[in-house]
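Everything in the sequence shown is counted per the working numbering, starting at 807 for the first residue and increasing by one. The beta-carbon is built from N, C-alpha and C at its ideal position, and this holds for glycine as well. Model, not experiment: these values are computed from the prediction. Accompanying notes for the structure given below.
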Amino acid sequence: MIMLFRSMTKRRRLVYQWSVASLVLGLILAILIVTGWLNPASYTRELPSTGTEITSVLSRQQLETTRFSFKVAENSGIGFRHFPATRNSLLPEDMGSGLAWGDYDNDGDPDLFAVNFMGGITPQDYADRDTDSKPGRHALYRNDGSGGFSDVSRESGFSQPDFGLGAAWGDYDNDGNLDLYISSYGPNRLYRNNGDLTFTDVSDQAGVGDESFSASVAWGDYNRDGHLDLYVTNYVHFVYRATDKERASRQYEAEIPYTINPSSYPPVANRLYHNNGDGTFTDVATKAGVANGKGRSLGVVWADLDSDGWPDLYVANDVSANGVFRNLGNGAFADIGASSLAADYRGAMGLALADIDQDRDLDLFVTHWLAQENGLFENMISEGLMDDEGRRRLFFMDNAEMSGLGQISLKNVGWATGFADFDHDGHTDLWVVNGNTLQVPGDNTRLKPQQMHLYQHQPGAGFVEVSSQSIPGMSSPFVGRGGAQADFDGDGQVDIALQVHGGNVMLLHNTTRSANNWLGLRLRQTGGNLFAVGAVVTVQSTTMTQTMQVDGGGSYLSQHSSDLYFGLGPSDTIKKVTIRWPDGQQESYQDFTLNQVNEVQHAVKYELSAKTGS
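In structure tokens:
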């Protein structure tokens, strides 16, 4: 049956899956009515606290022994602690923060930036901080190349405390050095890399020091002019009023203070900062059609979803419909949220990209709030359907339930996430950081911890949760928020850094033993967009085809390393590697050394015209 399903076209699978889903839903409703749980005369009855009456119908068992493992790196030199304050049940304090991997010193090893939220935001917190409190500051950890890190924050220029949330590295001035943008509850900051291991705050000069309640950020060259542009998500217009703390509602048998409910506050429009090429930026979000003014935005990713060479934009919104914007190639975007079937109204936070079904287009994974199921949006553009404008129709099918990623997430609040082939078998695996937004009963200074999810991709069977077997040192739940992946020790295996709200950064070292081969790629360009942000790579081996993208953001408030790792299984042959570069050129390569990172250089040929919108 599984082989028959895998052999179907996407269109047939769509019809089949909707038929199965309808049948399952009908059976569930029939069971609930017969057992008396669902009574038309008492339709206001609340969901069971455990959810097992419904979700047990869709439960999934592990099918194989796990093939990868992790351990918590105890002596890495990363001693970062997030939010050194007492929680006040206020929304800005609960949302972050994130992490960003980037090789800021150009020595070939990814360095780690940890964002901090310096303390409480009430007037009393400010008064206390002026006397005996030490604010939490951001931290930059330089990789020594052998698995260890050194805190170089102060000497690098990161001494300014902020109510920090997200961060992303990007070389906006094309000098070959990664610069850093930090979002905050308050003024956002752009730090220019001086090339001598120090940074300078150029936010005001560059015109990107917006003061709002910002969240995830992402770099991308949306108009293909060789200069990185910046998309900044904004959440809500939060106003602190002491009297609001006395107001509350109830959800899932828990008290929800008014001050941590995003629906209590109006949304704020997002920013698209167009890079002017002279060190300054101009906000063109409204002009380009991507301001997303009705969305309470938390996550964002640039991705060429329709494979036309122009980066599209996906925005994850909380208690609002997600934003799906198709790049028209003329400086403007089309809002295709409704027709894409991927803009559903849930509480969305984290984002991850991968070609799950290996059909050469990028699929989307979206983490959601409690009782809403995470979403796995399979890209259906390869079906070849056309829209009213004569272009291939870009739409998605939520395949989370059929893939094993749906019901298991109902009891969790998902945040940072990422796809990576942890065992090099050629099939991308998945990790998700969880952490509640509900308070511990009787102690409103603490949030409820939750277990991280680690999924092994088993072809033909979907994703199987294996965290308890794969990460024995992570048996205790925690309040997760940010997270990002990188091969920090250069062994070819992807590791994970996690940001714990009010706790310490955790570094998960991938210790998997595998005889499988792998290919590492590091893309670089000359002439513009030097780190090749937005490049799409397709690797064909003897048994499979894989596609990945060089991202300029993603996850949640966080950023993965830009190096790409392709698992090859037992195959020792690469048939062809195709790279669609950010300037639109496509090139093919064959000669690579396996089981190491190969650097590929490309000389860009940007042909600017009115079409680029620059």
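For G1224, which of helix, strand or coil comes out of DSSP? strand
May I ask you to report which of helix, strand or coil DSSP gives G1288? strand
Close beta carbons around V1125, own chain, < 7 Å, minus the five adjacent residues each side: P1068, S1069, R1102 and G1153
Residue burial classification, S989 (beta-carbon count within 10 angstroms, cutoff 16): buried
Is the beta carbon of F1433 sitting closer than 8 Å to the one on V1096? Limits of the chain in this structure are 807 at one end and 1420 at the other, which puts residue 1433 out of reach.
Looking at D979: is its Cβ nearer than 8 Å to the Cβ of G908? no
Bridge-paired residues (DSSP) for W1025: L1036
Which value, in whole angstroms, describes the spacing of the CA atoms of S1273 and L1260? 5 Å
Going by CA-CA distance only, name the one from A1021, G1026, R1053 and D1118 that's closest to Y1041. A1021
Neighbour-count burial assignment, D1378, 16 or more Cβ in a 10 Å radius: exposed
Among the residues of its own chain, which have a CB less than 7 Å from the CB of V1090, if the five just before and after it don't count? L1078 and H1080
Can you look up A1177 in the DSSP assignment and give me helix, strand or coil? coil
Residues that DSSP places opposite P993 in a beta bridge: E1017
How should E1405 be labelled, buried or exposed, when 16 other C-beta atoms within 10 angstroms of its C-beta is the threshold for buried? exposed
Pick from T1332, S1364 and F955 that is closest to L786, judged by C-alpha positions: Beyond the ends of the chain as shown, which are 807 and 1420, falls residue 786; an answer cannot be given.
When the Cα of Q1407 is compared with those of F923, Q1392 and S956, which residue comes out closest? Q1392
If you draw a straight line from the C-alpha of A1409 to the C-alpha of Q1331, how long is it? 6 Å
For the alpha helix (DSSP H) holding Q930, just list the boundary residues, first then last. P929 to R935
As assigned by DSSP and simplified to three states, the class of A1409: strand
Integer-rounded CB distance, given that P916 should sit under 8 Å from G1026: Contact doesn't hold; Cβ gap of about 20 Å is too wide.
Which residue from L896, F1044, F889 and D911 puts its Cα closest to that of D968? F889
Cβ contact check for the segment 981–1001 and the segment 1009–1023: 3 or more pairs under 8 Å: yes
Taking only three categories from DSSP, how would you classify Q1391? coil
Given 8 Å, three or more beta-carbon pairs between the segment 943–962 and the segment 917–924: yes
Please look up how many angstroms separate the CB atoms of D1293 and G953, rounded, as I've assumed it's under 8 Å. Incorrect: roughly 11 Å between the Cβ atoms, too far for contact.
For the candidate residues V1342, T1349 and L1313, whose alpha-carbon lies nearest to that of G883? L1313
Short of 6 Å in beta carbon distance, which residues of its chain neighbour R1053, apart from the five on each side in sequence? Order them along the chain. Y1064
Is the beta carbon of F1201 closer than 8 Å to that of S1146? yes
Close-in-space but distant-in-sequence residues of the same chain around D1112 (CB under 6 Å, 5 per side omitted): I1187 and L1200
Would you decide whether E1184 is buried or exposed? Buried here means 16 or more other CB atoms lie within 10 Å of its CB. buried
Report yes if the C-beta distance between L1034 and D977 is below 8 Å; otherwise report no. yes
Do you know offhand how far G970's Cα is from V1356's? 25 Å
According to the Cβ coordinates, are G1333 and D1227 closer than 8 Å? no
Who does P898 pair with in a DSSP beta bridge? Paired residues: none, contrary to the question.
S1394 burial status per 10 Å Cβ neighbour count (16 or more: buried): exposed
By the DSSP assignment, the alpha helix (DSSP H) with M1208 in it spans what residues? A1206 to S1209
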